[in-house]
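Asks:
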Amino acid sequence: MRFSANLGFLWADRPLPDAIRAAKAAGFDAVECHWPYAHDPLDVKAALDETGLEMLGLNTSRGDVAAGENGLAALPDREAEARAAIDQALDYAQIIGAGAVHVMAGFASGESAHKTFVANLRYATTQAAENGITILIEPLNHYDAKGYFLSTTAKAVAIIEEVKAPNLRLMFDCYHVQLMEGDLTNRLSRLLPVIGHIQFASVPDRGTPDHGEVSYEHIFSHIDSLRWARPIGAEYKPKIETDLTLDWMAQFR
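Going by this note's numbering, the first residue of the sequence shown is number 1153, and it counts up by one from there.
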């Protein structure tokens, strides 16, 4: 298996360029992040070039975090802000060489939200295609993100089929999917044609993958059997210093 360090959680106490260097020193094959916008993209690009690591992806802005927002793309009457966030993410991704942008839907519901999300995804995929960037959408569980517009893989796949863009794909986070739907092995097999990235963490505590209700020894073996070639994302929350939580990596390689 090849692993990507999600620097939204791992080494989150360090500036992003330093976190990239830490991921390289720890033996990760790639990196990914959440919201890198506080860091000069040229500094991030320099750290990526120095280490030889690829930045797999990043997220669009959450919006007004103080007001509890968690994405903008499905919020009716916020299209201008949502598209500005998409443009910002695509510009940043192009500078640092990231291959994917996760467009965050936000807290919304109903037909108007659905139409808004689809329209914004059509905009995002069109803009992203110019630079060969993949747009990802990710179902989030309702325990951590109650009221988030996108919560199941079925809904995500239906939207992907509606948008009909070849560069729109599913971010399959084993942690979120297990909490909402379970049946990870069969879902991974069935959804493989539309999956653009895979992430993982233990369930239910979102810690390292060597404990909890999901057997990642089984899941990783299954992913390998599907001939998945890209690094999969370690998006767990360390309870102690990140460097002291990495025993699982040697175990599962």
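Backbone N, C-alpha and C fix where the C-beta goes; we use that ideal spot for every residue, glycine too. This one's a predicted model, so the numbers in the text were calculated from it and none came from an experiment.
For ILE1407, name the three-state secondary structure that DSSP assigns.
Replies: Because the chain here runs from 1153 to 1405, residue 1407 falls outside it and cannot be looked at.
Asks: Look at the Cβ atom of PHE1269, then the Cβ atom of ILE1238, and state whether they are nearer than 8 angstroms.
Replies: No. Outside cutoff.
Asks: Check whether the Cβ atoms of PRO1383 and ARG1154 sit closer than 8 angstroms, and answer yes or no.
Replies: Yes, the pair counts as a contact, with Cβ atoms nearer than the cut-off.
Asks: Give the range of the alpha helix (DSSP H) segment to which ILE1347 is assigned.
Replies: Not the alpha helix (DSSP H): ILE1347 falls in the beta strand (DSSP E), residues 1347-1352.
Asks: Helix, strand or coil for PHE1155, going by three-state DSSP, please let me know.
Replies: Looking at PHE1155 - three-state DSSP - the assignment turns out to be strand.
Asks: Compare the Cα-Cα distances from TRP1400 to each of ILE1392, GLU1369 and LEU1227 and report the closest residue.
Replies: Among ILE1392, GLU1369 and LEU1227, the Cα nearest to that of TRP1400 is on GLU1369.
Asks: Determine, using beta carbons only, whether THR1286 and MET1332 come nearer to each other than 8 angstroms.
Replies: Not in contact: THR1286 and MET1332 (Cβ atoms no closer than 8 angstroms).
Asks: Determine, using beta-carbon pairs with one atom in the segment 1258-1267 and one in the segment 1227-1242, whether at least three such pairs fall under 8 angstroms.
Replies: Verdict: yes, contact present.
Asks: Just verifying my parser: in three-state terms, what is the DSSP assignment at ALA1182?
Replies: Correct three-state label for ALA1182: strand.
Asks: Using the three-state DSSP reduction, which class does PHE1301 fall into: helix, strand or coil?
Replies: Three-state DSSP puts PHE1301 in coil, outside helix and strand.
Asks: Helix, strand or coil for THR1360, going by three-state DSSP, please let me know.
Replies: Note: THR1360 maps to coil in three-state DSSP.
Asks: In chain order, what residues of the same chain lie with their CB nearer than 6 angstroms to the CB of PHE1352, ignoring the 5 residues before and after it?
Replies: The residues are CYS1326 and PRO1361.
Asks: Just reading off the beta strand (DSSP E) that ALA1386 is part of, what are its end residues?
Replies: Segment 1384-1386, the beta strand (DSSP E) holding ALA1386.
Asks: Starting from HIS1259, follow its DSSP beta bridges and name the residues at the other end.
Replies: One point to set straight first is that residue 1259 is Phe, not His, in the sequence displayed. Answer is TYR1300, bridged to PHE1259.
Asks: What is the residue span of the beta strand (DSSP E) that ILE1289 lies within?
Replies: 1286-1289 is the extent of the beta strand (DSSP E) around ILE1289.
Asks: Closest to TYR1302 by CA distance: which of LYS1316, HIS1328 and ALA1317 is it?
Replies: At residue 1302 the sequence reads Leu, which differs from the Tyr that was named. Answer by Cα proximity: HIS1328.
Asks: Quick one: is ARG1342 buried, meaning 16 or more other Cβ sit within 10 Å of its Cβ, or exposed?
Replies: Exposed.
Asks: Is it true that the CB of HIS1349 sits closer than 8 angstroms to the CB of ALA1280?
Replies: No; because the gap between Cβ atoms is not below 8 angstroms, this pair is not in contact.
Asks: In this structure, does DSSP put ASN1414 in helix, strand or coil?
Replies: Not covered by the structure: residue 1414. The range shown for the chain is 1153 to 1405.
Asks: Could you work out which residue in ILE1392, GLU1221 and LEU1288 is closest to HIS1254 when comparing CA atoms only?
Replies: Of the listed residues, the one whose Cα sits closest to HIS1254 is LEU1288.
Asks: In this structure, how does DSSP classify ALA1252 when only helix, strand and coil are distinguished?
Replies: The answer is strand: DSSP assigns ALA1252 an E or B state.
Asks: Please list the terminal residues of the continuous alpha helix (DSSP H) segment that includes ASP1195.
Replies: 1193-1203 is the extent of the alpha helix (DSSP H) around ASP1195.
Asks: Just the C-alpha distance for GLU1290 and ARG1173, rounded to the nearest angstrom, thanks.
Replies: For GLU1290 and ARG1173, the distance between alpha carbons rounds to 27 angstroms.
Asks: Under 8 angstroms, do TYR1244 and PRO1169 count as touching if we go by C-beta distance?
Replies: Not a contact, by the Cβ cut-off of 8 angstroms.
Asks: Please state whether DSSP places LEU1224 in a helix, a strand or coil.
Replies: In this structure, LEU1224 counts as coil in the three-state DSSP scheme.
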